[in-house]
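Okay, so here's the structure we're looking at.
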Amino acid sequence: MNVFRGKRISFHDHRQFRFWMDVGQPNDFLKGTNLYLNYLKQSDHSKELATGSNIHGNVLIHPTASVSPTCVLGPSVVIGPECIVEDGVRIRNSTLLQGSIIRSHSWLETCIIGWRCTVGQWVRMENVTVLGEDVIVSDELFVNGARVLPHKSIAQSVVEPQIIM
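Heads up: take any position in the sequence shown, counting from 1, add 758, and you land on the working numbering.
This is how it looks when you write it as structure tokens:
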């Protein structure tokens with residue numbers, strides 16, 4: 759109990775026995791994803807993580823996703839339901855939300871790919887690039903730190919971090 763301006767105020771605490779993190783910013787979301795994947799690895803749920811010679815570190819692939827055996831995934835990758843990842847793709851520290859398609863030989867590092875996005879062939883995306891829902895990135899582009907709002911098409915490279923409305 760504490761006395762404040764003549765009134766009695768009670769202070770309480772809440773003990774959390776699992777992890778918690780504010781994931782409201784893209785960088786924080788990716789850090790939180792990494793923490794969750796580490797938790798899975800150390801818990802009884804480690805069998806949910808993907809394994810194989812093309813998997814490096816903690817990778818979670820939804821059972822309905824289609825991932826080519828020639829792509830290299832990890833560390834810290836989540837591939838959501840109904841996603842398609844084609845031949846020769848490299849993904850690191852990124853999350854793909856439901857229904858996204860990554861075309862062949864693209865490179866994604868530190869990205870969040872929104873629902874039903876399509877990333878073309880030979881695309882390089884990095885530096886906390888975030889795609890909103892239903893974004894299309896054309897073939898052979900470089901996307902550096904872009905925040906792309908939903909339902910947009912990207913037809914030219916984004917070399918400096920920016921918001922695309």
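No residue lacks a Cβ here, since even glycine has one placed at the ideal position from N, Cα and C.
Note down the Cα distance separating Asp897 from Gly846, rounded to an integer number of angstroms.
14 angstroms
Give the DSSP-derived three-state secondary structure of Gly903 in the structure shown.
coil
If you check the beta carbons only, do Leu855 and Met883 fall under 8 angstroms apart?
no
Report all residues from its chain with a CB closer than 7 angstroms to the CB of Val781; omit the five preceding and five following residues, and keep chain order.
Phe787 and Gly790
Hey, quick one: how far does the alpha helix (DSSP H) through Leu798 stretch, first residue to last?
Note, Leu798: alpha helix (DSSP H), Pro784 to Gln800.
Look up Pro884 in the DSSP assignment and give the residues it is bridged to.
The identity of residue 884 in the sequence shown is Glu, whereas the question assumes Pro. Looking at the DSSP assignment, Glu884 forms a beta bridge with Asn902.
Name the residue from Val916, Cys875, Ser834 and Asn812 whose alpha carbon lies nearest to the alpha carbon of Thr828.
Asn812
Look up Ser811 in the DSSP assignment and say whether it is helix, strand or coil.
coil
Helix, strand or coil, according to DSSP, for Glu844 in the structure here?
coil
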